[in-house]
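With my numbering applied, the sequence shown corresponds to residues 69 to 365, in that order.
Backbone N, C-alpha and C fix where the C-beta goes; we use that ideal spot for every residue, glycine too.
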Amino acid sequence: MAKLGFLGLGLMGYPMARNLLRAGHRVALWSNTTSKVKQLAEEEKGIACDSPKQVAEQAEFVFLCVGDTKMSEEVLTGENGVIEGAKPGTVVANASTISPSASRAIGEKLGAKGIQYLDAPCTGSTPGATAGTLTFMIGGEREVYDKTKPFLEAMGKQFYYCGGPGCGLEAKLTQNLILSNIMQAFNEGIVLSTKAGIDPELMLEILNNSAAKSGLIAYKAPFVFKRDFTTNFSTKWMHKDIGLALDSAQEQGVPLPLTSLTHQMFQAAISEGYGELDMCSTIRVMERWAGVEVKGK
């Protein structure tokens with residue numbers, strides 16, 4: 069039984085922390101939503117904590133999955149953060165999708181206190197977090213990753229060591245850049261074909277049996293057809309990730325013209341009130357513009 073900590077009990081973090089507890093580890097828990105901490109602690113015999121500092125005081129490995137860069141900075145290096153409670157030698161693995169350059173800066177601050185740091189963003193959305201089948205992309209020192217991997221295996225099934233600090237995040241942002249552009253391409257294409265009178269389910273069958281086949285679309289399209297936009301990965305968080313990819317591209321001098329447009333389309337969806345819904349709800353912007361609804365039988 070290892071002494072672990074977990075920060076952030078949202079759609080992803082809650083099941084991830086639960087899987088660590090069910091693997092038999094002692095897990096100290098903290099989240100901005102105190103009720104979730106109490107609930108998970110009671111259901112799975114975790115340890116409820118009042119601050120990230122308190123979690124770090126009780127853990128040899130601290131995992132976190134929080135919403136954005138600012139939240140990561142606050143819980144790790146802010147007041148009552150992990151940096152104030154962790155002992156030298158503690159490992160922090162950050163599963164949040166944040167700015168690669170900011171992540172490297174966080175790692176340097178923690179490293180000055182003898183705390184080892186990995187960027188370890190994951191993919192698989194809520195179903196993957198629940199089932200413990202997430203894919204992790206790792207950046208940081210290889211030796212630190214090697215000793216952390218046994219605990220990651222309680223939460224995921226696929227692991228890619230991508231290189232030094234920030235490299236896991238660069239890989240994750242590349243993946244989400246491609247996913248978001250595929251989503252926007254599907255939105256445009258299926259609205260066009262529906263407007264032209266082609267049955268959406270027939271169009272999906274054609275896509276699934278052609279070079280245009282996409283795992284993302286095969287999964288998301290049935291939800292669109294059912295008009296079920298229940299959140300697995302929200303529009304607002306994908307919009308955030310696209311923005312991070314654009315920031316990274318600017319730092320490296322890489323033009324991303326298509327991604328810039330997709331970023332604006334996701335912003336339009338947020339402006340129309342779909343930010344908290346699943347990212348497939350972005351199709352509603354195109355539907356409104358075209359005056360058609362993509363619906364199954």
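Spatial neighbours of residue i in its chain, beta-carbon cut-off 8 Å, leaving aside the 5 residues before and after
i: L329; result: Q252
i: L89; result: V95, L108, E112, K113, G114
i: I310; result: N244, L245, S248, T327, T330, H331, F334
i: I250; result: S282, L284, I285
i: D118; result: W98
Cβ distance (whole Å) where residue i is taken to contact residue j below 8 Å
i: L220; j: F204; result: 6 Å
i: A222; j: N87; result: 5 Å
i: V130; j: V105; result: Going by Cβ atoms, the distance from V130 to V105 rounds to 15 Å, so no, they are not a contact pair.
Beta-carbon spacing of residue i, residue j below 8 Å
i: E141; j: I174; result: yes
i: A96; j: V134; result: no
i: S261; j: F297; result: no
i: Y213; j: Y228; result: no
i: K365; j: E269; result: yes
i: A336; j: T303; result: no
i: L237; j: T165; result: yes
i: V292; j: V353; result: no
Rounded straight-line distance, which links the Cα of residue j to that of residue i
i: P325; j: Q126; result: 47 Å
i: I381; j: S282; result: Here the chain has residues from 69 to 365 only, and residue 381 is not among them.
i: H93; j: G146; result: 27 Å
i: S366; j: A163; result: Outside the shown range of the chain (69 to 365) lies residue 366, about which nothing can therefore be said.
i: M347; j: K294; result: 15 Å
i: V159; j: S193; result: 24 Å
i: A239; j: Q320; result: 14 Å
i: L167; j: L132; result: A small correction: the amino acid at residue 167 is Ser; Leu does not occupy that position in the sequence shown. Straight-line Cα distance between these residues: approximately 15 Å.
i: V356; j: A313; result: The identity of residue 356 in the sequence shown is Arg, whereas the question assumes Val. Distance between the alpha carbons of R356 and A313: 28 Å.
i: A280; j: E256; result: 14 Å
i: I202; j: K215; result: It should be noted that the sequence gives Leu, not Ile, for residue 202. Approximately 18 Å between the Cα atoms of the pair.
i: I351; j: A91; result: 39 Å
i: A116; j: N148; result: 15 Å
i: E152; j: D267; result: 59 Å
i: L144; j: K217; result: 21 Å
i: V322; j: Y342; result: 30 Å
i: Q226; j: M139; result: 26 Å
i: G265; j: E110; result: 53 Å
Top-ranked residue by Cα proximity to residue i, from the options
i: N100; options: R90, Y82, G92; result: Y82
i: T198; options: N300, G364, V322, R352; result: N300
i: T137; options: V362, D315, D346; result: D315
i: A154; options: L77, K121, M139, T350; result: K121
i: L186; options: I310, G157, D267; result: G157
i: C190; options: A70, T216, A289, L241; result: L241
i: S103; options: A91, G78, M84; result: G78
i: G378; options: A313, A170, A85; result: No answer is possible for residue 378: it lies beyond the span of the chain, which begins at 69 and ends at 365.
i: P195; options: A170, G224, T216, R210; result: G224
i: M69; options: E128, M354, K363; result: E128
i: A170; options: L202, K215, C117, C235; result: C235
i: M80; options: I266, W305, N148; result: W305
i: G73; options: P323, E110, A161; result: A161
Contacts around residue i, its chain only, beta-carbon distance under 7 Å, and the 5 residues preceding and following it disregarded
i: A286; result: N276
i: A358; result: V259, K263
i: R210; result: Y229
i: G231; result: G207
i: K71; result: R94, Q126, A127, E128
i: V360; result: V259, T262, K263
i: K308; result: D136
i: E344; result: T299, S302, K304
6 Å Cβ shell around residue i - same chain, five flanking residues per side excluded
i: P233; result: R172, G175, G207, G208
i: A289; result: L272
i: F254; result: I285
i: A317; result: L324
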